[in-house]
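Quick note on my numbering: the sequence shown kicks off at 1338 and runs consecutively.
Beneath this line is the structure, given in C-alpha cells, with notes to follow.
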Amino acid sequence: FPSHDTVEEVSLTAGTGFGSSVSISPSGQTVSATLVYARIISSSSVGTTSGNVTVSSSGATDVTVAVAGRVNGPVTLPFGPQDFESNTLPFVTYNVAGTKNWAYTNSTLGGGTNTAATNKTMEMNGFGSDVAANDWLILGPLDCSSANNPSISFNTLNRYTATNTVINELTLKLSTNYSGSGSPTGATWSTLTFAKPTTEMTKSPSGDVALTGAANKSNVYVAFHFLATNVSNGTTALWQVDDVALTNLTA
C-alpha cells in the first residue's frame, strides 16, 4: 500500500486518480512490477519541495522512496532568453506516448555540423521509440495580464529531416485553460506558426511569434509539441529548442 506525506499525492494512472494512497492487490504473496505516479499537491508553495512515498504491506518491511519536484510561479514578461546553459526552469515535460521524451542535452550540433562547440539545449528524438512519440515541452503559467501584444521567440534545430516529410513533427501551441499539471491533451490548444529550419543541424530563429489569444490573460501556457507518426529511420527526426524569450511587443 503506497502512502505519502504532506506534499505528494499518488496514483496508478497518469494525470488522474491522485490521492493520499493507492492499493495494489498481490497475486499470492507477490506484487507484480507496477508504475506508481507521484505529484506535488496543489497547495504547495512556489519553489522546490521534497517528501517520501512509503510502500508498505502486512508482514513486510516498509520501503521509503524519496521524491522531489518544483512548483513554478507565474512567468512575467519580459522573460529570458532561457538558453538552458544553467538549468531548464521553468519548463516541464510531459510524455503522452512512447519511450522517448524531451531531454536536457549537451549538444555539439550547430553550423551545419555535428562537431560544433558544446551547447546545452532541450532535445527530442523520436527514433527508436516503442510507438510513435507524443511529447510536450511546456512553459507556464504566463502572466500576460498587462501585455496587449505578447510574443515569443526561440531557436530550433533539426536533424534527419532530409526528405522534409517530418518537418511538421514539431508545433508551437498555446492554451488558456490548461490546469498546469497532468496530461495537456485534455486542454484546448491553438497552433501558432513559426519559421522552421531550412538547413539541418543549424539553429534557426523563429522570429517574433504573436501569442494570439493570450493578451491580457493571466493563465497562459505555451508548449512545443512533438508528435511523430513513426519510429524508424527517415520517418521521425531530432529536434532541439533553445534561447526562448517572451516579451510584449510595442506598436
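Each residue gets a CB set at the ideal place from its N, CA and C atoms; glycine is no exception.
Computed from a prediction, not measured in an experiment: that's the story for all the values here.
Residue j beta carbon less than 8 Å from that of residue i
i     : j     : result
G1406 : V1383 : no
A1563 : G1447 : Looking at the sequence shown, residue 1563 is not Ala but Phe. Going by C-beta atoms, F1563 is not nearer than 8 Å to G1447.
S1489 : L1586 : The sequence shown places Ile at residue 1489, not Ser. Taking 8 Å as the Cβ cut-off, I1489 and L1586 do not qualify as a contacting pair.
V1347 : S1358 : yes
A1605 : N1495 : No statement about residue 1605 is possible, as the shown extent of the chain runs from 1338 to 1588 and does not include it.
T1508 : P1534 : no
K1510 : A1560 : yes
D1472 : N1432 : yes
S1512 : W1526 : yes
L1414 : P1487 : yes
I1377 : T1386 : yes
N1485 : N1553 : yes
T1572 : V1503 : yes
A1565 : E1506 : yes
S1541 : A1532 : yes
V1412 : S1381 : no
Beta-carbon separation (whole angstroms), residue i vs residue j, contact threshold 8 Å
i     : j     : result
F1428 : L1476 : 5 Å
G1435 : S1482 : 36 Å between Cβ atoms; not a contact.
D1545 : T1458 : That belief does not hold up - the Cβ atoms of D1545 and T1458 are roughly 21 Å apart, past 8 Å.
N1389 : A1403 : 6 Å
W1439 : T1430 : 4 Å
S1444 : E1460 : 6 Å
G1356 : V1581 : Rounded, the Cβ-Cβ distance is 35 Å, inconsistent with contact.
M1538 : T1450 : 6 Å
For residue i, the residue or residues it bridges with in DSSP
i     : result
L1583 : F1416, I1489
P1542 : N1492
L1564 : N1471
Q1577 : E1460, L1494
G1435 : According to DSSP, which records beta bridges pairwise, G1435 is partnered with nothing at all.
A1557 : Here residue 1557 is Val; the residue named in the question, Ala, does not match the sequence. Paired residue(s): L1479.
T1401 : T1391
V1408 : G1384
A1547 : S1488
G1356 : V1347
N1451 : Per DSSP, none; premise fails for N1451.
Residue i, enclosing beta strand (DSSP E) - first and last residue
i     : result
T1386 : 1384-1392
L1509 : 1507-1512
I1377 : 1374-1377
E1422 : Per DSSP, E1422 belongs to no beta strand (DSSP E) and is neither H nor E.
N1462 : 1456-1462
T1442 : 1440-1444
E1537 : No beta strand (DSSP E) holds E1537; DSSP gives it neither H nor E.
S1466 : Careful: S1466 lies outside any beta strand (DSSP E) and carries neither H nor E.
S1348 : 1345-1348
L1529 : 1527-1529
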